[in-house]
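J.: Numbering (the UniProt record's numbering), first residue to last: 1 to 188.
In this text, a Cβ means the ideal position worked out from N, Cα and C, and glycines have one as well.
Since the structure is predicted, the reported quantities are computational estimates derived from the model, not experimental observations.
Can you read through this structure? Questions will come right after.
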Amino acid sequence: MIAGEALLLVLQRFGYCAFLITKTGLVIAGNAVAALLLKREVAQGEEIYRFRSNEGDALLRQLLGVSIKPDAIPKKPWVIQSGTRRLLCSLEQPAGMREESSYVLLLVDLEERLQPKAATLQQLFSLTNAESKLALQLARGGTLEECAEENGTSVNTARVQLRSIFAKTGTARQSDLVAFLNRIAMLG
Numbered sequence: 001m002i003a004g005e006a007l008l009l010v011l012q013r014f015g016y017c018a019f020l021i022t023k024t025g026l027v028i029a030g031n032a033v034a035a036l037l038l039k040r041e042v043a044q045g046e047e048i049y050r051f052r053s054n055e056g057d058a059l060l061r062q063l064l065g066v067s068i069k070p071d072a073i074p075k076k077p078w079v080i081q082s083g084t085r086r087l088l089c090s091l092e093q094p095a096g097m098r099e100e101s102s103y104v105l106l107l108v109d110l111e112e113r114l115q116p117k118a119a120t121l122q123q124l125f126s127l128t129n130a131e132s133k134l135a136l137q138l139a140r141g142g143t144l145e146e147c148a149e150e151n152g153t154s155v156n157t158a159r160v161q162l163r164s165i166f167a168k169t170g171t172a173r174q175s176d177l178v179a180f181l182n183r184i185a186m187l188g
């Protein structure tokens, strides 16, 4: 594992697209989210995509519309429009990296919402299948009435389930629950 790849994997765990770039603008590697963004496949059993020669440079330059040499990239985060998606971009030189010439380019899809898996909620908070389904529907922006209709239950049943979800997760309002679920989304 080359310097910086561990950081790429940590960022991947949070659902972030990240690339390792040299001082000269050569894209060395990207995490699996980065490979997916650039329509590349990570080898079976691998979590890091290693770019060949200038392959990553050209793809990123096309996506960002700017040179990817660290000296040419804005020093503050910026937003680009890529098709129907907005990407928050940030170039960072992590402290403590062995190679001072290495940078991490972070891209965050502002349109994507990470959510925990139903199984994760069931395991962590002992939610039932119905409760975890309702919690995830609410996190996606559904109203209690819409969720009840979609689940084929009454609104009253959904309210009872929601009270149980609040008790099990230690939250008290729907907005608190949604924020809470967003914070634990990285767990899968």
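Since S90 contacts P70 with CB under 8 Å, what's their CB separation in whole angstroms?
T.: Stepping through the sequence shown from its first residue, residue 90 is reached at position 90. Stepping through the sequence shown from its first residue, residue 70 is reached at position 70. Between P70 and S90 the Cβ distance is about 12 Å, and since that is not below 8 Å, they are no contact.
J.: Quick check: the Cα distance between A167 and G142, rounded to an integer number of angstroms?
T.: Walking along the sequence shown from the start, residue 167 turns up at place 167. Walking along the sequence shown from the start, residue 142 turns up at place 142. Using only the alpha carbons, I get a separation of about 20 Å.
J.: Could you tell me if T169 is buried or exposed, where buried requires 16 or more neighbouring beta carbons within 10 angstroms of its beta carbon?
T.: Looking up residue 169 in the sequence shown gives position 169. Classification for T169: buried.
J.: Can you tell me where the alpha helix (DSSP H) holding D176 begins and where it ends?
T.: Along the sequence shown, read from residue 1 onward, the residue named residue 176 stands at position 176. Start and end: Q174 to I184.
J.: Would you tell me roughly how many angstroms separate the C-alpha atoms of G4 and Q12, rounded to the nearest one?
T.: The residue labelled residue 4 in the question sits at position 4 within the sequence shown. The residue labelled residue 12 in the question sits at position 12 within the sequence shown. Looking at the two C-alpha atoms, the distance is approximately 13 Å.
J.: Between the C-alpha atoms of A6 and A35, what's the straight-line distance to the nearest angstrom?
T.: For this step, residue 6 is matched to residue 6 along the sequence shown. For this step, residue 35 is matched to residue 35 along the sequence shown. Going by the C-alpha atoms only, they are around 16 Å apart.
J.: Among residues of its own chain, excluding the 5 on either side of V79, which ones have a beta-carbon nearer than 8 Å to its beta-carbon?
T.: By one-based count along the sequence shown, residue 79 stands at place 79. Closer than 8 Å at Cβ, skipping near neighbours: R86, L87, L88, C89 and L110.
J.: Should A119 be labelled buried (16 or more other beta-carbon atoms within 10 Å of its own) or exposed?
T.: The sequence position of residue 119 within the sequence shown is 119, counting from 1. When all chains shown are included, A119 counts as exposed.
J.: If distances are taken between C-alpha atoms only, which option among S82, T84, L105 and G83 comes closest to Q93?
T.: Along the sequence shown, read from residue 1 onward, the residue named residue 93 stands at position 93. With distances taken between Cα atoms, Q93 lies closest to L105.
J.: Could you check if N31 is buried or exposed, using at least 16 other CB atoms within 10 Å of its CB as the buried criterion?
T.: Taking the sequence shown and counting its residues from 1, the one referred to as residue 31 is at position 31. Buried.
J.: Could you tell me the boundaries of the alpha helix (DSSP H) in which L38 lies?
T.: Stepping through the sequence shown from its first residue, residue 38 is reached at position 38. From DSSP, L38 is part of no alpha helix (DSSP H); its letter is neither H nor E.
J.: Return the bridge partner residues of D71 from the DSSP annotation.
T.: Sequence index remark: in the sequence shown, residue 71 carries index 71 (1-based). Beta-bridge pairing links D71 to no other residue.
J.: Where does S164 fall in DSSP's three states?
T.: Along the sequence shown, read from residue 1 onward, the residue named residue 164 stands at position 164. Three-state result, S164: helix.
J.: Tell me the DSSP bridge mates of A18?
T.: Start at 1 with the first residue of the sequence shown, and residue 18 comes out as number 18. According to DSSP, which records beta bridges pairwise, A18 is partnered with L106.
J.: Determine the DSSP secondary structure at R113, reduced to helix, strand or coil.
T.: Taking the first residue of the sequence shown as position 1, residue 113 is located at position 113. R113: coil per DSSP, three-state reduction.
J.: Apply the 10 Å Cβ neighbour rule to E131 and answer buried if 16 or more other Cβ atoms are within range, or exposed otherwise.
T.: Here residue 131 corresponds to residue number 131 of the sequence shown, with the count starting at 1. The residue is buried, with at least 16 neighbouring Cβ atoms inside 10 Å.
J.: How big is the Cα-Cα spacing for E145 and L37?
T.: Within the sequence shown, numbered from 1, the residue matching residue 145 stands at position 145. Within the sequence shown, numbered from 1, the residue matching residue 37 stands at position 37. Each residue's Cα considered, the two are about 36 Å apart.
J.: In this structure, how does DSSP classify A32 when only helix, strand and coil are distinguished?
T.: For the purposes of this step, residue 32 is taken as residue 32 along the sequence shown, with counting starting at 1. Of the three classes helix, strand and coil, the one that applies to A32 here is helix, per DSSP.
J.: With S132 as the anchor, note down where its beta strand (DSSP E) starts and where it stops.
T.: The residue given as residue 132 occupies position 132 in the sequence shown. Per DSSP, S132 belongs to no beta strand (DSSP E); it is in the alpha helix (DSSP H), N129 to A139.
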